[in-house]
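**Student:** Questions regarding the structure given below will be posed in turn.
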Amino acid sequence: MINNSAPVALVTGGARRIGRAIVQQLHNDGYQVAIHYRDSANDAKALVNQLNRQRSDSAVLLQADLCSLSSIERMCSAFQEHFRGCDLLVNNASSFYPTLLGEITEQHWNDLFASNAKAPLFICQNMLPHFNDCASIINIADIHATRPLKNHTIYCMAKAANVMLTQSLALELAPKIRVNGIAPGAILAPAVQRIDEEKIVSEIPLRKMGTVSAITDAVKYLMNAKYVTGQIINIDGGRTLRQ
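For the sequence shown, the working numbering gives the first residue as 115, with consecutive numbering after it.
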């Protein structure tokens with residue numbers, strides 16, 4: 115077990131993209147970090163080695179398939195072996211891809227709901243005994259939880275469930291634990307899909323794509339906003355105002 119008085123954060127999907135940026139920001143802010151990954155082992159190992167070079171024994175890896183409840187349980191048990199408690203949980207891991215009506219399968223449903231709704235719920239449940247007083251949960255939602263994205267029906271449904279999970283747990287876990295959400299807009303292009311960036315930017319009042327720092331700034335705000343719970347913050351450059 116790591117013996118340290120520094121605050122502790124668990125970030126799911128923390129090896130790449132937005133999750134990686136969140137992990138790096140938390141580590142820079144003095145947190146010990148538990149970095150969950152599923153398949154991105156090389157990225158995860160490179161990140162944890164980098165962080166531990168910066169500050170020894172400050173980062174650990176937790177591998178888990180979040181579609182499996184038993185895997186989630188093992189991950190949370192492994193967390194307990196490393197740390198005495200959790201101050202911040204960021205449910206960031208997410209699957210994202212189109213599901214056109216007429217081509218939807220049960221596997222699409224299971225996969226998208228597992229990563230975006232089911233896993234955050236069961237991670238919260240399994241981590242409940244490990245949260246320190248005044249802990250915080252941040253769920254990464256999506257602006258399309260309330261404004262559907264064409265051809266992404268199941269993803270949008272799952273993110274809508276994520277938003278309701280956030281608001282419901284905020285009531286249930288208060289006053290000990292605060293629960294909030296961040297709904298990103300156009301931050302990073304999907305790794306496996308082409309997008310018309312010019313068209314998207316034309317729909318954003320601020321006339322630019324967001325950067326990962328916009329998300330890490332929101333995480334930092336919610337970590338420290340002691341009178342904020344049950345809120346979903348849109349980080350979208352005003353895009354939802356036009357939809």
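Note that the Cβ used here is the ideal one computed from N, Cα and C, for glycine as well.
Going by CA-CA distance only, name the one from 318, 212, 149, 218 that's closest to residue 197.
**Tutor:** Selected option, being the one with the closest Cα: 149.
**Student:** Quick check on this structure: which residue in 188, 320, 277 has the alpha carbon closest to the alpha carbon of residue 345?
**Tutor:** For residue 345, the nearest C-alpha among the options comes from 277.
**Student:** Work out the CA separation of residue 271 and residue 347 for me, nearest whole Å.
**Tutor:** If you take the alpha carbons of residue 347 and residue 271, they lie about 18 Å apart.
**Student:** Can you tell me whether residue 161 is buried or exposed, with buried defined as 16 or more other CB within 10 angstroms of its CB?
**Tutor:** Flag for residue 161 reads buried.
**Student:** Does residue 168 pass the burial test, meaning 16 or more other C-beta atoms within 10 Å, or should it be called exposed?
**Tutor:** Its Cβ having fewer than 16 others within 10 Å, residue 168 is exposed.
**Student:** Does DSSP put residue 133 in a helix, in a strand, or in coil?
**Tutor:** Correct three-state label for residue 133: helix.
**Student:** If residue 352 and residue 320 are in contact, beta carbons under 8 Å, what's the gap, nearest whole angstrom?
**Tutor:** Their Cβ separation, rounded to whole angstroms, is 6 Å, which keeps residue 352 and residue 320 in contact under 8 Å.
**Student:** Let me confirm a value: residue 144 is counted as buried when at least 16 other C-beta atoms fall within 10 Å, else exposed. Which label applies?
**Tutor:** Looking at its Cβ environment, which holds fewer than 16 other Cβ atoms inside 10 Å, residue 144 is exposed.
**Student:** Kindly indicate the opening and closing residues of the alpha helix (DSSP H) around residue 116.
**Tutor:** Per DSSP, residue 116 belongs to no alpha helix (DSSP H) and is neither H nor E.
**Student:** Taking 8 Å as the cut-off, decide whether the C-beta atoms of residue 235 and residue 294 are in contact.
**Tutor:** The answer is no: Cβ separation not under 8 Å.
**Student:** Kindly list the residues whose CB is nearer than 7 Å to the CB of residue 187, restricted to its own chain and excluding five residues on each side of it in sequence; keep chain order.
**Tutor:** The answer, listed in chain order, is 240.
**Student:** Look at the alpha carbon of residue 328 and the alpha carbon of residue 192, and state the distance between them as a whole number of angstroms.
**Tutor:** Spanning the two alpha carbons is a distance of roughly 31 Å.
**Student:** What is the rounded straight-line gap between the Cα of residue 258 and the Cα of residue 194?
**Tutor:** Near 34 Å, if we compare the C-alpha coordinates of residue 194 and residue 258.
**Student:** Output the distance between the C-alpha atoms of residue 146 and residue 286, rounded to the nearest integer angstrom.
**Tutor:** Taking the straight line joining both Cα atoms gives about 27 Å.
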